[in-house]
Each structure stands twice: as structure tokens, then as C-alpha cells.
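Right, one structure below, let's go through it.
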Amino acid sequence: MSDEKANNLVQPASVEFQRHNPSLWLKPYVRNYWMLQCSGAPALPRRHRVVPDGCIDLIFMRRSVTEDYRASIVGTMTRSIGEELASHMHYIGIRFNPGGFRYFFQTPPRELTDRIVSLDDLASTSGLAERLADSHGSTASLESLEDELARRFRPEERDLLPAGLLEAISACNGNVPMTQLGRMTGWSPRQLRRMFHESIGVGPKTFCRIIRFMSAFRALRRNPRASFLDVALDAGYYDQAHFIHEFEDFYGSSPSMIF
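Letter by letter, the sequence shown follows residues 6 to 264 in my numbering.
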């Protein structure tokens with residue numbers, strides 16, 4: 006669950022959410038760390054919606070300090086999923102920037118798309134959850150995460166996508182024609198698809214659609230009373246009908262049911 010994913014929860018007073026920045030050298034690869042503590046009030050919602058955001062998350066969870074963490078990888082998603090937010094549960098997460106996960110884990114992102122995989126099922130992950138469990142307090146936990154990422158970092162991995170390409174896509178809310186991406190990279194459509202799948206887990210067209218959807222989704226969260234047409238046009242959709250169709254694809258229901 007990433008920061009955006011965690012923020013999509015309906016959070017009662019019994020849920021405490023924190024976000025922390027990584028060290029400077031990790032910022033190209035890690036968006037942030039997040040912590041979510043559920044105190045278990047009776048009104049705690051049992052389900053929450055996790056929406057596609059273009060990122061991969063590593064999540065650790067446990068009920069008490071006497072337990073070991075259970076850890077899962079949430080791959081890049083192309084559709085929303087519903088998950089239970091358990092009472093008395095403590096969550097710690099690493100949100101990887103698009104393309105950042107592969108610098109720390111050998112599993113290709115394309116094998117994780119639309120999947121939630123136990124960390125134990127991945128190669129070369131032995132002891133990661135146990136080392137985190139030995140840390141006490143938020144500061145110590147974050148230090149453990151940073152130490153583990155430093156240990157796992159594979160600088161020999163070259164960037165599959167040209168520098169600045171993903172930033173350019175985000176800067177224009179995903180509104181980049183595939184022909185323009187081809188000119189920017191010098192790649193054929195087939196090469197573009199292969200490189201995006203290897204780096205992020207989805208193709209370039211899907212990634213751009215996700216970025217555009219998230220732009221509109223965040224705009225509606227900031228201003229739920231905003232006109233759907235205005236939000237759609239600002240995000241780069243052709244019209245309101247196009248926006249609603251894309252929203253239904255990624256969220257699972259129309260924006261009028263949410264906002």
C-alpha cells in the first residue's frame with residue numbers, strides 16, 4: 006500500500022498515518038516510507054479501496070511487537086482492489102518510484118502486475134521481515150529499512166527508460182501520444198512496450214492512462230464538488246464521458262458514486 010493507496014482509505018480517528026522521506030541517494034528509486042497504525046475502534050471500516058497509481062509497494066504488517074512481520078509485494082495495478090484494514094494492526098510500507106523496484110529485487114515488475122505476492126515467495130528475501138521486527142520505534146524501523154535497501158541496492162542495473170522520460174509523462178498528466186514517446190526514445194512501439202513492462206510492469210499506454218487517471222482522482226479529492234467536466238478537461242480527457250469511462254475502468258465505479 007503506497008502513500009496514495011493508504012490515503013484512499015476512509016480513515017476514522019482510530020487510524021494514524023505517517024509518511025517519511027527516504028535518504029537523498031534513494032529518492033530516484035523510493036518515493037517514501039509510510040506507517041499506518043490501526044487502534045481497532047468499533048467503527049473501523051473492514052474494507053478499503055486500493056487504486057492503480059503506477060507504483061510498486063512493499064508492505065510489512067503485524068498485530069503486536071511480539072509477532073514477526075508478514076510482508077507482501079503489491080505490484081503495479083491496472084484495476085482497483087478491495088482489501089481489509091485489520092484492527093490492531095501496524096503497517097509499514099515502502100513505496101517505490103516507477104522503475105525503482107528492480108534496483109533492489111530480482112523479480113521483474115512484469116511478473117508482479119495486478120498481483121499481491123508474499124515476500125517469502127520471492128528469491129533472495131530471507132530474513133528481511135525478521136530484521137525489521139528487531140527494530141523498536143518508528144526511527145529505528147526506518148533506519149532498518151534504509152539499511153536493508155542499501156544492502157540490496159544493485160547499482161549495476163542500468164536504467165531501462167531514458168532519464169527524464171517518466172518525469173515528462175507525469176508533468177503532462179500522462180497526455181503523451183505513443184508516437185511522441187517513440188520520437189523521444191528512438192524506439193519502435195514493440196521496444197517501448199518491452200522496456201516499460203520490464204521497468205514498471207505495464208506498457209507505456211497503460212502507464213500514461215494511470216497517470217492521467219490519478220491526476221483527475223487527486224483533483225476530485227482536493228475538491229469533491231468540482232465539475233466532472235472541468236476535471237476531465239484539465240486532466241486531458243476528450244470529454245466527460247471519456248473521463249467517466251476511464252474512471253470506471255481503474256476505480257471500479259463511476260466518480261458520481263464516490264464524490
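Cβ coordinates follow ideal geometry from the N, Cα and C atoms, glycine included.
* Over what stretch of residues does the beta strand (DSSP E) that includes Gln245 continue unbroken? -> Per DSSP, Gln245 belongs to no beta strand (DSSP E); it is in the alpha helix (DSSP H), 245-256.
* Is Arg24 helix, strand or coil by DSSP? -> strand
* Asked: So, helix, strand or coil for Leu41, using DSSP?
  -> strand
* **For Phe212 and Met189, the rounded distance between their alpha carbons** => 16 Å
* Asked: Does the separation of the CB atoms of Gly292 and Gly206 fall below 8 Å?
  -> The structure shown has nothing for residue 292, since the chain only spans 6 to 264.
* **Contacting residues, own chain, Cβ-Cβ under 6 Å from Gln23 (five flanking each side not counted)** => Met40
* Hey, is the stretch 54-61 in contact with the stretch 141-151, meaning 3+ C-beta pairs nearer than 8 Å? -> no
* Asked: So Leu166 and Met219 are in contact, right, with Cβ under 8 Å, and what is the actual spacing, rounded?
  -> Not really, about 19 Å apart at Cβ, beyond 8 Å.
* To do: Quick one: measure Cβ to Cβ for Phe65 and Leu137, integer angstroms, because I've assumed they're closer than 8 Å.
  => 6 Å
* Given 8 Å as the limit, is there contact between the stretch 218-232 and the stretch 181-195, that is, 3 or more CB pairs closer than that? -> no
* Buried or exposed for Asn1, please, with buried defined as at least 16 other CB atoms from any protein chain shown within 10 angstroms of its CB. => Residue numbering for the chain in the displayed model covers 6 to 264; residue 1 lies beyond these limits and cannot be assessed.
* Asked: What is the rounded straight-line gap between the Cα of Pro209 and the Cα of Pro114?
  -> 14 Å
* Asked: Considering only residues of the stretch 93-126, which uninterrupted alpha helix (DSSP H) runs meet the minimum length of 4 residues and lie entirely inside it, listed in chain order?
  -> none
* **Bridge partner(s) assigned by DSSP for Ile78** => Leu63, Val122
* Asked: Going by C-alpha distance, which of Ala224, Arg227, Glu151 is nearest Ile97?
  -> Glu151
* To do: State the CB to CB distance for the pair Arg84 and Asp119, rounded to an integer number of angstroms; the pair is presumed to be in contact (CB under 8 Å).
  => 7 Å
* Asked: If you count every other CB in all the chains shown that lies within 10 Å of the CB of Ala176, and 16 or more means buried, which is it?
  -> exposed
* Asked: Tell me which same chain residues have a C-beta within less than 7 Å of the C-beta of Glu116, skipping the five on either side of it?
  -> none
* **Beta-carbon gap between Leu133 and Ile78 smaller than 8 Å** => no
* To do: Taking all protein chains shown into account, decide if Leu14 is buried (16 or more other Cβ within 10 angstroms of its Cβ) or exposed.
  => Any reading at Leu14 needs caution, since the residue's pLDDT is 42, under 50, leaving its predicted position unreliable; the model's value is listed next. Buried: at least 16 other Cβ atoms inside 10 Å.
* In or out: Val181 buried (at least 16 other Cβ within 10 Å) or exposed? -> buried
* Asked: What does Val35 pair with, by DSSP beta-bridge criteria?
  -> Phe101
* For Ser261, count neighbouring Cβ atoms within 10 angstroms of its own Cβ and tell me buried if that reaches 16, exposed if not. => exposed
* Taking the alpha-carbon positions, what's the Arg230 to Glu251 distance? -> 19 Å
* Going along the chain, which residues of its own chain have a beta-carbon closer than 8 Å to the beta-carbon of Ala290, five neighbours each way excluded? -> This structure does not reach residue 290, given that the chain is present from 6 up to 264, and the question cannot be answered.
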